[in-house]
Amino acid sequence: MPALDGLLVDCRACPRLVAWREAVAAAPRASFRGERYWGRPVPGFGDPAAGVLVVGLAPAAHGGNRTGRMFTGDRSGDFLIASLHRTGFASQPTSVGADDGLVLTGLRLTAPVHCAPPDNAPTPAERRTCAPWLARELALVRPGVVVALGGFGWQATLATLGEQGWQVPRPRPRFGHGAEASLTGPDGQPLTLLGSFHVSQQNTFTGRLTPQMLDDVFRRARELSDR
Ligand code: DU
Ligand code: SF4
Numbered sequence: 001m002p003a004l005d006g007l008l009v010d011c012r013a014c015p016r017l018v019a020w021r022e023a024v025a026a027a028p029r030a031s032f033r034g035e036r037y038w039g040r041p042v043p044g045f046g047d048p049a050a051g052v053l054v055v056g057l058a059p060a061a062h063g064g065n066r067t068g069r070m071f072t073g074d075r076s077g078d079f080l081i082a083s084l085h086r087t088g089f090a091s092q093p094t095s096v097g098a099d100d101g102l103v104l105t106g107l108r109l110t111a112p113v114h115c116a117p118p119d120n121a122p123t124p125a126e127r128r129t130c131a132p133w134l135a136r137e138l139a140l141v142r143p144g145v146v147v148a149l150g151g152f153g154w155q156a157t158l159a160t161l162g163e164q165g166w167q168v169p170r171p172r173p174r175f176g177h178g179a180e181a182s183l184t185g186p187d188g189q190p191l192t193l194l195g196s197f198h199v200s201q202q203n204t205f206t207g208r209l210t211p212q213m214l215d216d217v218f219r220r221a222r223e224l225s226d227r
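So in full-length UniProt numbering, spot 30 of the sequence shown is number 30, and the numbers just go up one at a time.
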């Protein structure tokens, strides 16, 4: 999505996140010493005509903020891309760097906040400031399915679509692993929101999210987007 990405990478709308992404980039982790960090907003990655859009949280300080590509170069990315490969969306099981040849088909990865936040925790204000970027990406990709990785992505997707004139069920559907919500767009287009626990190490190291659980979500996403 070159036109959108070209504008996004110059965004400096969140002072706290601009300062953090650049501070992290100026002080590489020991294992990445000598590497040049991206240190800017990280664009969505994958198929621009995807039926399935994955909405995570925000780039990791030494993952996407280092490599310049979503879910690339950290453990969250390893866990996610392995699942996308098993379920037929990813051309290879690993995502190590922006030039590794990975291609996603039928699926795109993005985030409601495009800059790495301290402690992986964006503020509600930062979510709102970044929402126009998610709204534009949703409008360009027009996915039939959104997979929200974690409650933040779930809430951000519902809030952003609501602001764009989508009919969002009331009360707001609750997030959970395997949760599903049906939405209708302003011109009548249907969308299913699917919930999955986030692929953070807090979940994957503790067994709260297993590879099988994540594969089940992506198999369901494929079933819905193939309809
Ligand atoms: O210029 P490019 O980002 O390498 O994309 C070329 C072509 O492949 C374009 O139609 C997007 C698509 N694509 C894709 O389907 N999945 C990917 O992961 C990256 C690019
Ligand atoms: Fe811009 Fe989003 Fe980054 Fe804020 S988080 S500076 S709105 S790209």
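Every residue, glycine too, gets a C-beta built ideally from N, C-alpha and C.
Any heavy atom of ligand 2 closer than 7 Å to the CB of residue i?
{"i": "L57", "result": "no"}
{"i": "P41", "result": "yes"}
{"i": "A13", "result": "yes"}
{"i": "W20", "result": "no"}
{"i": "H114", "result": "yes"}
{"i": "L8", "result": "yes"}
{"i": "L17", "result": "yes"}
{"i": "T129", "result": "yes"}
{"i": "E163", "result": "no"}
{"i": "W133", "result": "yes"}
{"i": "E137", "result": "no"}
{"i": "E126", "result": "yes"}
Kindly indicate if chain B contains any beta-carbon less than 8 Å away from that of residue i.
{"i": "D100", "result": "Any reference to chain B falls outside this structure, which holds one protein chain only."}
Using the rule of at least 16 other Cβ atoms within 10 Å of the residue's Cβ for burial, across every protein chain shown, is residue i buried or exposed?
{"i": "G126", "result": "Checking the sequence, you will find Glu at residue 126 rather than Gly. Buried, since its Cβ has 16 or more Cβ neighbours within 10 Å."}
{"i": "L7", "result": "exposed"}
{"i": "D78", "result": "buried"}
{"i": "E137", "result": "buried"}
{"i": "P122", "result": "buried"}
{"i": "G178", "result": "exposed"}
{"i": "V199", "result": "buried"}
{"i": "A30", "result": "exposed"}
{"i": "A221", "result": "buried"}
{"i": "A181", "result": "buried"}
{"i": "F218", "result": "buried"}
{"i": "D69", "result": "Here residue 69 is Arg; the residue named in the question, Asp, does not match the sequence. So R69 counts as buried."}
Given a cut-off of 8 Å, decide if residue j and residue i are closer than it, judged by their beta-carbon atoms.
{"i": "A148", "j": "L84", "result": "no"}
{"i": "T110", "j": "V18", "result": "no"}
{"i": "A116", "j": "P59", "result": "yes"}
{"i": "N65", "j": "G44", "result": "no"}
{"i": "W166", "j": "G185", "result": "yes"}
{"i": "P112", "j": "F175", "result": "no"}
{"i": "G183", "j": "P143", "result": "A small fix is needed here, since residue 183 is Leu in this sequence, not Gly. No, the Cβ-Cβ distance between L183 and P143 is not below 8 Å."}
{"i": "V42", "j": "H114", "result": "yes"}
{"i": "W20", "j": "P124", "result": "no"}
{"i": "L224", "j": "V145", "result": "yes"}
{"i": "L158", "j": "R170", "result": "no"}
Return the chain-ordered list of same chain residues with a C-beta closer than 6 Å to the C-beta of residue i, the five sequence neighbours on each side being excluded.
{"i": "A131", "result": "T160"}
{"i": "N203", "result": "F197 and L209"}
{"i": "G97", "result": "T67"}
{"i": "A82", "result": "P93"}
{"i": "A61", "result": "V24 and A116"}
{"i": "A135", "result": "T160 and Q164"}
Can you name, in chain order, every residue of its own chain whose Cβ lies under 7 Å from the Cβ of residue i, other than the five neighbours on each side?
{"i": "L107", "result": "G46, D47, A50, V52, V54, L84 and F89"}
{"i": "F80", "result": "The displayed chain sequence assigns Leu, not Phe, to residue 80. So the list reads F71 and V199, once near-sequence residues are dropped."}
{"i": "T129", "result": "A13 and C14"}
{"i": "D215", "result": "S83, R86 and T87"}
{"i": "E35", "result": "P28 and R66"}
Excluding the five sequence neighbours on either side, which residues of its own chain have a C-beta within less than 8 Å of the C-beta of residue i, listed in chain order?
{"i": "L140", "result": "M1, L4 and P48"}
{"i": "L104", "result": "F45, G46, D47, A50, L84, F89, A90 and S91"}
{"i": "R227", "result": "G144"}
**Message:** Quick check on the DSSP output: what are the complete beta strand (DSSP E) runs of length 3 or more inside the region 20-80, in order along the chain?
**Reply:** With a minimum length of 3 residues, the continuous beta strand (DSSP E) runs that stay inside the region 20-80 are 52-55.
**Request:** Any chance you could list the beta strand (DSSP E) runs of at least 3 consecutive residues sitting entirely within the region 142-175, in chain order?
**Result:** Runs of the beta strand (DSSP E) lying entirely within the region 142-175, each at least 3 residues long, are 145-149 in chain order.
**Item:** Secondary structure, beta strand (DSSP E): runs of 3+ residues fully inside the region 179-214
**Value:** If one requires a minimum length of 3 residues, the beta strand (DSSP E) runs lying completely within the region 179-214 are 180-184 and 190-196, in chain order.
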